[in-house]
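Numbering (the numbering used here), first residue to last: 719 to 902.
Beta carbons: idealized from backbone N, C-alpha and C, even for Gly.
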């Protein structure tokens with residue numbers, strides 16, 4: 719038998735609280751009339767540290783700043799808060815979306831008037847790769863894996879029939895799902 723450290727398993731409430739903390743940091747800056755920004759650990763080779771004891775690569779201390787008022791970062795700032803909101807909403811509703819579900823749920827066109835008075839349009843994200851990267855940023859910023867957040871990488875299939883399963887403490891009666899089935 720291999721002995722090791724117990725994994726730190728977070729409850730649903732703890733996960734929601736940790737996700738909300740990231741958004742609350744932005745709100746607190748706004749309430750103090752400071753420029754809102756997010757700090758996201760850099761996921762680059764130059765920001766990795768080899769942990770000899772645990773024999774794993776870990777992220778180092780370098781962080782990128784996503785500022786609402788930086789024209790080069792404002793879109794990523796918006797995308798991060800949008801995705802954070804989608805994930806928190808899904809957790810509260812006991813929904814387990816795929817990364818593709820989150821991409822389509824958050825994809826829409828923002829219309830605005832620019833500083834010259836011209837009407838402009840901007841997509842929330844241009845590709846799923848863009849939204850996937852934001853999910854990874856939220857993972858490293860909160861220390862919560864996407865699976866813990868209830869985000870499924872991909873639906874592998876569907877099941878239906880005379881069966882009751884348990885998933886994350888929930889009892890799911892597959893006979894009640896009809897034609898919709900249960901995604902796995």
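DSSP state of residue 855 mapped onto helix, strand, coil: Against the chain shown, residue 855 aligns to sequence position 137. It is helical.
Alpha-carbon to alpha-carbon, residue 737 and residue 780: The residue labelled residue 780 in the question sits at position 62 within the chain shown. The residue labelled residue 737 in the question sits at position 19 within the chain shown. Approximately 21 Å, taken between the alpha carbons.
Distance, residue 877 Cα to residue 732 Cα: Within the chain shown, the letter at position 14 stands for residue 732. Within the chain shown, the letter at position 159 stands for residue 877. One C-alpha to the other measures close to 30 Å.
7 Å Cβ shell around residue 855 - same chain, five flanking residues per side excluded: Residue 855 sits at position 137 when you count from the first residue of the chain shown. Hits under 7 Å: 758 and 798.
Rounded straight-line distance, which links the Cα of residue 766 to that of residue 827: Residue numbering aside, residue 827 sits at position 109 when the chain shown is read from its first letter. Residue numbering aside, residue 766 sits at position 48 when the chain shown is read from its first letter. Cα to Cα, the separation comes out at about 36 Å.
Residue 770 versus residue 830 - alpha carbon distance: Translated into positions along the chain shown, residue 770 becomes position 52. Translated into positions along the chain shown, residue 830 becomes position 112. Taking the straight line joining both Cα atoms gives about 51 Å.
Where residue 819 sits in the DSSP three-state scheme: The count along the chain shown starts at 1 and reaches residue 819 at position 101. Correct three-state label for residue 819: helix.
Alpha-carbon to alpha-carbon, residue 851 and residue 857: Numbered from 1 along the chain shown, position 139 holds the residue referred to as residue 857. Numbered from 1 along the chain shown, position 133 holds the residue referred to as residue 851. Approximately 10 Å, taken between the alpha carbons.
Pair within 9 Å by beta-carbon distance, residue 805 and residue 882: On the chain shown, residue 805 is found 87 positions in, with the first residue counted as 1. On the chain shown, residue 882 is found 164 positions in, with the first residue counted as 1. Contact: no.
Rounded straight-line distance, which links the Cα of residue 776 to that of residue 764: Residue mapping note: residue 764 aligns to position 46 of the chain shown, counting from 1. Residue mapping note: residue 776 aligns to position 58 of the chain shown, counting from 1. Near 11 Å, if we compare the C-alpha coordinates of residue 776 and residue 764.
Straight-line Cα distance separating residue 786 from residue 747: One-based indexing of the chain shown puts residue 747 at position 29. One-based indexing of the chain shown puts residue 786 at position 68. Spanning the two alpha carbons is a distance of roughly 11 Å.
Reference residue 796; option with closest CA among 880, 838 and 744: As a first step, residue 796 must be located in the chain shown, where it is residue number 78. Residue 796 has its Cα closest to that of 744, out of 880, 838 and 744.
Entirely enclosed alpha helix (DSSP H) segments - the region 777-834, minimum 4 residues: 792-810 and 817-824
Where residue 720 falls: helix, strand or coil (DSSP): Here residue 720 refers to the residue found at position 2 when the chain shown is read from its first residue. Legend: pLDDT at residue 720 = 45, less than 50; position of this residue unreliable, no value from coordinates given.
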